[in-house]
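Colleague: If you read the sequences in order, they're chains G and X. Throughout the first sequence, residue numbering follows UniProt numbering, covering 1 to 296 in sequence. Throughout the second sequence, residue numbering follows UniProt numbering, covering 1 to 315 in sequence. Take a look at this one; I'll ask things after.
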Amino acid sequence: MIGDTERRDERRLATLLLIPTLIALSLVVVYPILSAIARSFFDDPIGRSPTFVGFDNYAQALFGYDREDFWAAVGNTLFFTVVSVAIETLLGLLMALVMHRAFRGRGIVRASVLLPWALPTAVSAVMWGWMLQPDGVVNAVLGTEIVWGGSEWPAKWSIIFAEVWKTAPFVALLILAGLQTIPPHLYEAAALDGASAWRRFTSVTLPLVKPAIVVAVLFRVLDALRMYDLPQILTGGANNTETLSTLVVRTATGELKQGYGGALSTLTFLFVFLCAFLLIRLLGTNVFAGVKEAAR
Amino acid sequence: MSVRHDESGPAVAPATGAAARPPAGASDRPAAAPRRRRPRRWLADVCALLVAVVVAFPLYWMVLSALRPRAELEAGDATPFTLSPSLDSFERVVLVDGFGRYLVNSLLVAGAVVVLSTLCAFLAAVALTRYRFRTRSTLLVMVLVAQMVPIEALTIPLFFLLRNIGGAVPALGLNHLGSLIIVHMAFSIPFAIWMLRGFVAAVPQSVEEAAKLDGASSFTFVRRILFPLVAPGVAACSIFSFITTWNDFLFAKTFIISAQENQTLPIAILTFFKPDENDWGGIMAGSVLMTIPVLIFFVIVQRHLISGLGGAVKG
Chain G
1 MIGDTERRDE RRLATLLLIP TLIALSLVVV YPILSAIARS FFDDPIGRSP TFVGFDNYAQ
61 ALFGYDREDF WAAVGNTLFF TVVSVAIETL LGLLMALVMH RAFRGRGIVR ASVLLPWALP
121 TAVSAVMWGW MLQPDGVVNA VLGTEIVWGG SEWPAKWSII FAEVWKTAPF VALLILAGLQ
181 TIPPHLYEAA ALDGASAWRR FTSVTLPLVK PAIVVAVLFR VLDALRMYDL PQILTGGANN
241 TETLSTLVVR TATGELKQGY GGALSTLTFL FVFLCAFLLI RLLGTNVFAG VKEAAR
Chain X
1 MSVRHDESGP AVAPATGAAA RPPAGASDRP AAAPRRRRPR RWLADVCALL VAVVVAFPLY
61 WMVLSALRPR AELEAGDATP FTLSPSLDSF ERVVLVDGFG RYLVNSLLVA GAVVVLSTLC
121 AFLAAVALTR YRFRTRSTLL VMVLVAQMVP IEALTIPLFF LLRNIGGAVP ALGLNHLGSL
181 IIVHMAFSIP FAIWMLRGFV AAVPQSVEEA AKLDGASSFT FVRRILFPLV APGVAACSIF
241 SFITTWNDFL FAKTFIISAQ ENQTLPIAIL TFFKPDENDW GGIMAGSVLM TIPVLIFFVI
301 VQRHLISGLG GAVKG
């Protein structure tokens, strides 16, 4: 009996604590998604009110008239995400390992390494765009005359480079936090058992820092799949660098096709969801595990 | 969750740089090792320096461009220094009409978002980790799903939503700072909940039981005991929400359409983008100025940041 009242009290308190978050999320996140979905079943006529067209907008994007645009955007988004997150994770791990060492001025190094991440994405995109101009400093330093925005691969790589520059510090920070939770005596024990430095890295550091890497990769992938500012500002989607987000915004805001744009944003959302689902499966770690343990 | 290994000497620091090999420090291989390992240390230091240079160069270039006199900029000068630094560009930025007003607005919005979103996220994280109820796992997944929403794609539905809200509560509608506050608050909450979750979970159940025995109600426990214990996590969250809010161009440009006096700082920088020729000196000076408050905020809370994230990634 006592257990029952206690649980009822817990439920009531939990509801109370969740109310502010639920109100904010349903208002600002859920409602716009639902209205975009509702709008996606209507067409985009000029000069009369929209009529219901069922799944026509979706069909148009997936295998209709606009399928090339859509699938190109899917391909680009995947390419940018996979390549940049892979580089970021490696580089972030490296940076975290360096920052974890004890050296003088470590605090300053940590703060300054994080600066690129603290810079507004739009500002860093503009800055890279300027540095990557044909007569810009990048070409001057490299001694090349590449027109970075002028053809497909230089444009793609410049987006990836700017993205990695901006977000590797973020990954590094998350991994560094994970490194600090590893008790030092494990290394001492491993060393006493005669494990080589490489062995200690692969069998102590990596497994113990894996949860941190998983969290970092998961959140980075979710962000990278929705990449907007960098391609928008650096290339404007030219030279086959359009991502799903820039495609949606161009359609819904630029061409004012709200019905078709709604369908595209719903597809984008589903695509991100699918990727996240597969990723969580692939990483093999139960991201929700901590919750159940914590619930005593 | 303390930064307990923070001050550990080189002997136990488990990692080096590029070679990614934990160095055998002096204490674990007492005899021959130290001298032989020296070169590797040097290599690691060089790699660290190299990374730092690559990371820092664009930032250096930004500050340098902000300080260059205009003529030098327009000539496309690529020398890595300037002999005649000038504050002209900074002056142009600060003298933009209403710059002070924009700054105050940005601070107001970012401050309100930091306080409101971390508070909401903290309360939600407590509910989602410490109490048992049927929909808990579902809610947690929903929170993660909210992190998958293509924000830019929702600008138009959000615009109409805010227009409707503004009809009822003007202070939260279009053209008011309130609109930016609620939107940013909602988009900051999901990540903050996920960060705070591990933290709240790390506080042992026995602490709560002890508090209850001393006569504390559940609410008193959350407010007086749990909150101080998760403070590092709160600090980490506040950095994230501060940066995203402070840096936002898109919403500021979309929701504050006609009310000039309610614009935020990024819009001041936008005035230097001109159709014919961008004023790069002004843009770079504005960017430098915009980064300074982020830095200040970062320095204030950074001590807690690393340990704060430690709680988050431990899950």
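By construction, the Cβ of each residue, glycine as well, lies at the ideal position given by its N, Cα and C atoms. Keep in mind that this is a model prediction, so the values were computed, not measured.
Just how far apart, CA to CA, sit residue 282 of chain G and residue 93 of chain G?
Modeller: Mapped onto the first sequence, residue 282 of chain G falls at position 282. Mapped onto the first sequence, residue 93 of chain G falls at position 93. Their Cα atoms are separated by approximately 20 angstroms.
Colleague: Counting only Cβ pairs nearer than 9 angstroms, list the residues of chain X close to residue 278 of chain G.
Modeller: Sequence index remark: in the first sequence, residue 278 of chain G carries index 278 (1-based). Per Cβ cutoff of 9 angstroms: no residues; residue 278 of chain G is ~13 angstroms from chain X at best.
Colleague: Under 8 angstroms between C-beta atoms, does residue 269 of chain G make it to chain X?
Modeller: Position 269 of the first sequence, counted from the first residue, corresponds to residue 269 of chain G. Chain X contact via Cβ: present.
Colleague: Shorter than 8 angstroms from the beta carbon of residue 147 of chain X to some beta carbon of chain G?
Modeller: Here residue 147 of chain X corresponds to residue number 147 of the second sequence, with the count starting at 1. At least one chain G Cβ lies under 8 angstroms of residue 147 of chain X.
Colleague: Could you check whether the Cβ of residue 80 of chain G sits closer than 8 angstroms to any Cβ belonging to chain X?
Modeller: Locating residue 80 of chain G in the first sequence gives position 80, where the first residue counts as 1. No, no contact with chain X.
Colleague: Indicate whether residue 150 of chain X and residue 248 of chain G have their beta-carbon atoms separated by less than 8 angstroms.
Modeller: Numbered from its first residue, the second sequence carries residue 150 of chain X at position 150. Numbered from its first residue, the first sequence carries residue 248 of chain G at position 248. A contact, by the Cβ cut-off of 8 angstroms.
Colleague: Quick one: what does DSSP say residue 81 of chain X is sitting in, helix, strand or coil?
Modeller: Residue 81 of chain X sits at position 81 when you count from the first residue of the second sequence. Looking at residue 81 of chain X - three-state DSSP - the assignment turns out to be coil, as it is neither helix nor strand.
Colleague: Helix, strand or coil for residue 297 of chain X? Go by DSSP, reduced to three states.
Modeller: Numbered from its first residue, the second sequence carries residue 297 of chain X at position 297. Looking at residue 297 of chain X - three-state DSSP - the assignment turns out to be helix.
Colleague: List the residues of chain X that residue 157 of chain G touches, going by C-beta distances under 9 angstroms, in chain order.
Modeller: Locating residue 157 of chain G in the first sequence gives position 157, where the first residue counts as 1. Simply none; closest approach about 15 angstroms.
Colleague: Any beta carbon of chain G sitting closer than 8 angstroms to that of residue 152 of chain X?
Modeller: For the purposes of this step, residue 152 of chain X is identified with residue 152 of the second sequence, where counting begins at 1. Yes, contact with chain G.
Colleague: Can you tell me whether residue 18 of chain G is buried or exposed? The criterion is at least 16 other CB atoms within 10 Å of its CB, across all chains shown.
Modeller: Here residue 18 of chain G refers to the residue found at position 18 of the first sequence. Residue 18 of chain G should be labelled buried.
Colleague: Candidates G:16, G:46, G:6, G:86: which alpha carbon is nearest residue 220 of chain G's?
Modeller: What you label residue 220 of chain G is simply residue 220 of the first sequence in a count that begins at 1. Checking every option, the nearest Cα to that of residue 220 of chain G belongs to G:86.
Colleague: In three-state terms, what does DSSP make of residue 271 of chain G?
Modeller: Position 271 of the first sequence, counting from 1, holds the residue named residue 271 of chain G. In the structure shown, residue 271 of chain G sits in a helix (DSSP, three-state: H, G or I).
Colleague: For residue 247 of chain X and chain G, any beta-carbon pair shorter than 8 angstroms?
Modeller: As a working mapping, residue 247 of chain X is identified with position 247 in the second sequence. Cβ-Cβ to chain G under 8 angstroms: yes for residue 247 of chain X.
Colleague: Here's the rule: buried if 16 or more other CB atoms are within 10 angstroms of the residue's CB, otherwise exposed. What is residue 198 of chain X?
Modeller: Residue numbering aside, residue 198 of chain X sits at position 198 when the second sequence is read from its first letter. Label assigned to residue 198 of chain X: buried.
Colleague: Does the CB of residue 33 of chain G have a neighbour CB from chain X at under 8 angstroms?
Modeller: For the purposes of this step, residue 33 of chain G is taken as the residue at position 33 of the first sequence. So, interface residue.
Colleague: Mind checking if residue 183 of chain X is an interface residue toward chain G, Cβ cutoff 8 angstroms exclusive?
Modeller: Taking the second sequence and counting its residues from 1, the one referred to as residue 183 of chain X is at position 183. Cβ-Cβ to chain G under 8 angstroms: yes for residue 183 of chain X.
Colleague: Please check if any C-beta of chain X sits within less than 8 angstroms of the C-beta of residue 7 of chain G.
Modeller: In the first sequence, residue 7 of chain G corresponds to position 7, counting from 1. With 8 angstroms as the cut-off, residue 7 of chain G counts as an interface residue toward chain X.
Colleague: Using 8 angstroms as the Cβ pair cut-off and three pairs as the minimum, do the region 222-232 of chain X and the region 191-210 of chain X touch?
Modeller: Yes: at least three Cβ pairs fall under 8 angstroms.
Colleague: For residue 35 of chain X, collect the residues of the same chain with a Cβ closer than 7 angstroms to its Cβ; drop the 5 residues on either side in sequence, then sort them by chain order.
Modeller: On the second sequence, position 35 is the one that residue 35 of chain X refers to. Because the pLDDT at residue 35 of chain X is just 46, under 50, the model does not fix this residue reliably, and the point stays unresolved.
Colleague: Could you tell me the alpha carbon to alpha carbon distance between residue 124 of chain G and residue 116 of chain G, rounded to whole angstroms?
Modeller: For the purposes of this step, residue 124 of chain G is identified with residue 124 of the first sequence, where counting begins at 1. For the purposes of this step, residue 116 of chain G is identified with residue 116 of the first sequence, where counting begins at 1. Taking the straight line joining both Cα atoms gives about 8 angstroms.
Colleague: Starting from the beta carbon of residue 120 of chain X, find every residue of chain G whose beta carbon is closer than 7 angstroms, and list them in chain order.
Modeller: Here residue 120 of chain X corresponds to residue number 120 of the second sequence, with the count starting at 1. Chain G residues near residue 120 of chain X: 20, 21, 24.
Colleague: Starting from the beta carbon of residue 250 of chain G, find every residue of chain X whose beta carbon is closer than 8 angstroms, and list them in chain order.
Modeller: One-based indexing of the first sequence puts residue 250 of chain G at position 250. The premise fails here: residue 250 of chain G is roughly 10 angstroms from chain X at the closest Cβ pair, so nothing lies under 8 angstroms.
Colleague: Is the beta carbon of residue 11 of chain G sitting closer than 8 angstroms to the one on residue 133 of chain X?
Modeller: Indexing the first sequence from 1 puts residue 11 of chain G at position 11. Indexing the second sequence from 1 puts residue 133 of chain X at position 133. Going by C-beta atoms, residue 11 of chain G is nearer than 8 angstroms to residue 133 of chain X.
Colleague: Beta-carbon separation of residue 121 of chain X and residue 28 of chain G under 8 angstroms?
Modeller: If you number the second sequence from 1, residue 121 of chain X lands on position 121. If you number the first sequence from 1, residue 28 of chain G lands on position 28. Not closer than 8 angstroms, so no.
Colleague: Using a C-beta to C-beta distance shorter than 8 angstroms, which residues of chain X count as neighbours of residue 121 of chain G?
Modeller: Residue 121 of chain G sits at position 121 when you count from the first residue of the first sequence. Those within 8 angstroms of residue 121 of chain G in chain X are 247.
Colleague: Does the region 207-221 of chain G come within contact of the region 127-142 of chain G, defined as at least 3 CB pairs closer than 8 angstroms?
Modeller: With a cut-off of 8 angstroms, the region 127-142 of chain G and the region 207-221 of chain G do not count as touching, because too few Cβ pairs lie within range.
Colleague: For residue 42 of chain G, does the three-state DSSP call read helix, strand or coil?
Modeller: Against the first sequence, residue 42 of chain G aligns to sequence position 42. Residue 42 of chain G falls in the strand class under three-state DSSP.
Colleague: Could you pull out every residue in the same chain whose Cβ sits closer than 7 angstroms to the Cβ of residue 262 of chain X, ignoring the five residues on either side in sequence?
Modeller: Counted from its first residue, the second sequence places residue 262 of chain X at position 262. Excluding sequence neighbours, residue 262 of chain X sits near 105, 175, 176, 177, 256.
Colleague: Taking the C-alpha atoms as reference points, what is the distance between residue 140 of chain X and residue 125 of chain X?
Modeller: Residue 140 of chain X sits at position 140 when you count from the first residue of the second sequence. Residue 125 of chain X sits at position 125 when you count from the first residue of the second sequence. Looking at the two C-alpha atoms, the distance is approximately 9 angstroms.
Colleague: Taking buried to mean at least 16 other C-beta atoms within 10 Å of its own C-beta, is residue 266 of chain X buried or exposed?
Modeller: Locating residue 266 of chain X in the second sequence gives position 266, counting from the first residue. That one is buried.
Colleague: Short of 7 angstroms in beta carbon distance, which residues of its chain neighbour residue 282 of chain X, apart from the five on each side in sequence? Order them along the chain.
Modeller: Looking up residue 282 of chain X in the second sequence gives position 282. If we look at residue 282 of chain X and ignore the five residues flanking it on each side, its Cβ neighbours are 89, 92, 93, 272.
Colleague: Do the region 67-75 of chain G and the region 242-257 of chain G make contact, defined as three or more Cβ pairs closer than 8 angstroms?
Modeller: Yes: at least three Cβ pairs fall under 8 angstroms.
Colleague: Does residue 132 of chain X get closer than 8 angstroms to chain G when you measure Cβ to Cβ?
Modeller: For the purposes of this step, residue 132 of chain X is identified with residue 132 of the second sequence, where counting begins at 1. Chain G, which has a Cβ nearer than 8 angstroms to the Cβ of residue 132 of chain X, makes this yes.
Colleague: Does the beta-carbon of residue 258 of chain G have 16 or more other beta-carbons within 10 angstroms, so that it is buried, or is it exposed?
Modeller: The residue you call residue 258 of chain G lines up with position 258 of the first sequence. Classification of residue 258 of chain G: buried, given that the 10 Å Cβ count is 16 or more.
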